[in-house]
Amino acid sequence: MAGHAHAANAEIETIAHSCAGCHGTRGNGHRSLPAIRGMDRNQFVEAMRGFKNDHRTATVMGRIARGFSEAELLKLADYFSESH
Amino acid sequence: MPTISRRHFLSLGLGCGGLLLDACWQTQGTANHLDRAKVIVAGGGFAGLNAAKALKRIAPELHVTLVEKKAAYLSCPGSNQVIAGMMPFSALAHDVASGATKMGVNVLASTIIGIDPQKKNITLTDGTQLPYDRLILAPGIDFRWDAIEGYNEAASKHIPHAWKAGAQTLLLQHQLRAMRTGGIVAITVPDNPYRCPPGPYERASLIAHFLKNHNPRAKILILDAKSRFSKQAAFTHAWQKIYPGMVEWISSEHEGRIDHIDTRHRIVHTEFNHHKADVLNVIPPQRAGKLVELADLQDPTGWCPVTPLTFESVKAPGIHIIGDACIATPMPKSAFAAQSQSRACASAVVALLSGKTPTHPILINHCYSFVDPERAISVTGVYSYQPSGKMLETLSSGETAPDGDWRQEGIYASDWYGLMMKETFD
């Protein structure tokens, strides 16, 4: 885990950690809490944008998505779509 | 810890490949290479265990030691369900060592009796001294037993606080079951900050659920040191709709604060009134766990000021404080916040040990409260580090509306609980 890969991922990993509280450390989900690991990039971005502007019905994800910038959710989409 | 300069390191003739050379460059100027660095974590709760595990996940080569005296941790989340008979007491108990040990954390069943921030070492009860490069303290809370006249640790043996899970949880559970028909349960709630801000109101709701089925003429009084509270709109709605006439919330604006408690007769004297209870649950004011006093890390409020980028103490470099014990305003003191802070702190500690600048985390708190066995409401906050003020700012926040989907949130709340226990202890 040393070297370039670690350094390049550190920033986004630090942000992705925030998802772990409900979706698990690696984004695997748990029962009704959806897995976000390996999620299609576009699907992730569309879902987060939908939560942000209330176009997508949710109990809690609207409050959470509004805390992330467009740049951050694009990076998160890359991060989780590339995690297998 | 022996220091090693980069020049010396290269002159050792180690076969640095491209990747390793890059790693060497990145760590220049620090004495520590991660495979030699030692991090000690104190506290086997949600903050401490998640920090220790996150450290090993981010940097498997790091030496991580977790000090926790208790073999089993008793979870506060879930304890209101136990009080109300919705969950067995045994479900709160979790083995501290097994999950962390599997990840390569060295778990020591001991207590820290000394911290030397200058020499960077801790002393255990048997006199053993252990050096650290970074120390992470997650001691949770202790009670301020001198805060309410008439109520102290001895009184809590028959008038429970039940704000740390354990015998206290069972004491309150038993008293509710033994209460006379039509009796009054009084819960006193402290001013902010305290562990689990919505917890007292979840407790009132679940006790109301129990009483509705077993003692329906009974009533619950909440005597609050505050004039508003977490998820107030939804809780108030729940009490009116699900438990009409059973739960009364009395704000400090109406009666003033608690003046003193007559524990012998179970009477709470407020500034302008008094209330006699059949079952009295006193949630005392709190402060950081006593461990922090070993290095004088608390401020006059009793909590520990930190820079909420790294959670490093503003009073003692090299020592980080996470979870309920630290001041991370506006984040509340909750298990969810503790695990969020633990991951941010672990990332920052690895960065610092590698000679890098810690990157800015996003922190989340998301707390569910059950209002009956199936329905839950929640409050959420998303936070980032604000460098100019060296504090956290709220990026987004919200709570469940009175007309929200409480049943769906109840399903999420149960599954979140399962996930949290799995992540922390497995």
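Heads up: the sequence lines are chains R and C, in that order.
Taking the numbering used here, the leading residue of the first sequence gets 1, the next gets one more, and so forth.
Taking the numbering used here, the leading residue of the second sequence gets 85, the next gets one more, and so forth.
Yeah, the Cβ is synthetic: ideal placement off N, Cα and C, and Gly gets one too.
Please return the same chain residues whose Cβ sits closer than 6 Å to the Cβ of residue i, not counting the five positions on each side in sequence.
i	result
G128/C	E152, Y157 and V180
V435/C	The amino acid at residue 435/C is misidentified as Val; the sequence shows Ala. If we look at A435/C and ignore the five residues flanking it on each side, its Cβ neighbours are P442.
G113/C	Note that G113/C scores 41 on pLDDT, short of 50, meaning its location in the model is unreliable and no value can be drawn from it.
H483/C	What sits at residue 483/C in the sequence shown is Glu, not His. Counting only Cβ-Cβ distances below 6 Å, and skipping sequence neighbours, we find K315 and V463.
I411/C	W387 and P389
M170/C	P457
K474/C	T391
Q423/C	F130 and N134
G132/C	V125 and A222
A104/R	Here chain R covers residues 1 to 84 and nothing more, so residue 104/R does not appear.
P369/C	R228, A231 and P274
A485/C	none
F319/C	Y285
L515/C	Outside the modelled stretch of chain C, which goes from 85 to 510, sits residue 515/C, for which no answer is possible.
By Cβ distance below 7 Å, which residues in the same chain neighbour residue i in space, the five residues on each side in sequence not counted?
i	result
E286/C	N164, S453 and F454
A379/C	I199, P201, A400 and I403
Q492/C	none
P415/C	It should be pointed out that residue 415/C corresponds to Met in this sequence rather than to Pro. Same-chain partners within the cutoff: A421, L447, N449, G465, Y467 and L476.
P144/C	G188
A136/C	V125, V148, L150, A184 and V189
T265/C	N299 and R301
F173/C	V166, T253 and L254
D54/R	G62
D78/R	R41
M39/R	F80 and S81
G224/C	G127, G129, G373, G407, D408 and A409
Which whole-angstrom value describes the C-beta separation of residue i and residue j, a residue pair presumed to lie in contact below a C-beta threshold of 8 Å?
i	j	result
E72/R	I15/R	6 Å
A270/C	A361/C	4 Å
N28/R	R37/R	5 Å
R350/C	L364/C	5 Å
P215/C	K122/C	6 Å
A249/C	S289/C	So it is not a contact: roughly 18 Å between Cβ atoms.
N66/R	K52/R	Looking at the sequence itself, residue 66/R is Arg, so the reference to Asn does not match. About 5 Å; that satisfies the 8 Å criterion.
L33/R	W500/C	7 Å
A246/C	L260/C	Actually they do not touch by this definition, with Cβ atoms about 10 Å apart.
A430/C	P445/C	The Cβ separation is near 10 Å, so there is no contact.
E233/C	H344/C	4 Å
A460/C	A497/C	4 Å
When DSSP builds the beta bridges, which residues end up paired with residue i?
i	result
C388/C	C410/C
H344/C	E233/C and H353/C
F80/R	Answer is none; F80/R lacks a bridge partner.
F227/C	Q370/C
T149/C	I124/C and N190/C
R279/C	K417/C
Y157/C	H178/C
S397/C	V390/C
K360/C	I351/C
R218/C	V123/C
I495/C	DSSP, once it has assigned bridges, lists no residue as partnering I495/C.
I64/R	For I64/R, which the question treats as bridged, DSSP gives no partner whatsoever.
H30/R	L33/R
W333/C	I306/C
I405/C	L221/C
N365/C	I271/C
Taking 8 Å as the limit between beta carbons, can you name the residues of its chain near residue i, skipping five residues before and five after?
i	result
M505/C	S159 and H178
L76/R	I12, I15, A16, C19, F44, M48 and F68
T413/C	P277, M475 and L476
L479/C	I446, V466, Y467 and S468
L381/C	L221, A372, C388, S397, K399, A400, I403 and I405
Q) Does the segment 315-331 of chain C touch the segment 404-411 of chain C, meaning 3 or more C-beta pairs lie closer than 8 Å? A) The answer is no - the segment 315-331 of chain C does not touch the segment 404-411 of chain C, with fewer than three Cβ pairs under 8 Å.
**Q.** Segments of 3+ residues assigned as beta strand (DSSP E) that fall wholly inside the segment 415-483 of chain C
**A.** Runs of the beta strand (DSSP E) lying entirely within the segment 415-483 of chain C, each at least 3 residues long, are 446-454, 460-470 and 475-483 in chain order.
Q: Starting from the N-terminal side, write out each stretch of the beta strand (DSSP E) that is 3 residues or longer and does not extend beyond the segment 178-213 of chain C.
A: Counting only runs that start and end inside the segment 178-213 of chain C, the beta strand (DSSP E) elements of at least 3 residues fall at 190-192, 196-200 and 205-208.
Q. Do the segment 412-425 of chain C and the segment 236-246 of chain C make contact, defined as three or more Cβ pairs closer than 8 Å?
A. Cβ pair count under 8 Å is below three, so no.
Q: Examine the Cβ distances between the segment 334-350 of chain C and the segment 373-383 of chain C and report whether three or more of them are shorter than 8 Å.
A: no
Q) In chain order, which alpha helix (DSSP H) runs of at least 4 residues are fully inside the segment 295-331 of chain C? A) 316-326
Q) At what residue ranges does the segment 240-275 of chain C contain a whole run of the beta strand (DSSP E), taking only runs of 3 or more? A) 268-273
Q. Are at least three pairs of beta-carbons, each pair with one atom in the segment 188-199 of chain C and one in the segment 287-306 of chain C, less than 8 Å apart?
A. no
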